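Student: In the working numbering, the protein residues as written are 7 to 71. A single structure is presented below for examination.
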Ligand SMILES: [Zn+2]
């Protein structure tokens, strides 16, 4: 089980698909991640916690409401 799967989504939170800026891998992650999220392929940090909302380091290609 990965870190983000342990998180319980809050009402305003979303899952987003982010494209890794380094290798182009697309990965689904939680928009309010409380821990750093790394690319599954190359290990680049894709999201890190920033005051309740995650700072996203890649391109957001889809948002799941
Ligand atoms: Zn990557």
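Every residue gets a Cβ at the ideal spot worked out from N, C-alpha and C, and that includes glycine. Here the structure is a predicted model, which means the values were calculated and not measured.
(1) From what residue to what residue does the beta strand (DSSP E) around residue 55 run?
(2) How many whole angstroms separate the CB atoms of residue 59 and residue 52, which I take to be in contact at a CB cut-off of 8 Å?
(3) At what residues does the beta strand (DSSP E) containing residue 61 begin and finish?
(4) How would you call residue 64, buried or exposed, if buried means at least 16 neighbouring beta carbons within 10 angstroms?
(5) Please report the straight-line C-alpha distance between residue 62 and residue 47, rounded to a whole angstrom.
Tutor: Put simply:
(1) Secondary structure note for residue 55: its beta strand (DSSP E) is the uninterrupted segment 51-56.
(2) That belief does not hold up - the Cβ atoms of residue 59 and residue 52 are roughly 14 Å apart, past 8 Å.
(3) Where residue 61 is concerned, the enclosing beta strand (DSSP E) starts and stops at 59-62.
(4) The residue in question, residue 64, is buried, as its Cβ has 16 or more Cβ neighbours within 10 Å.
(5) In this structure, the CA atom of residue 62 is about 17 Å from the CA atom of residue 47.
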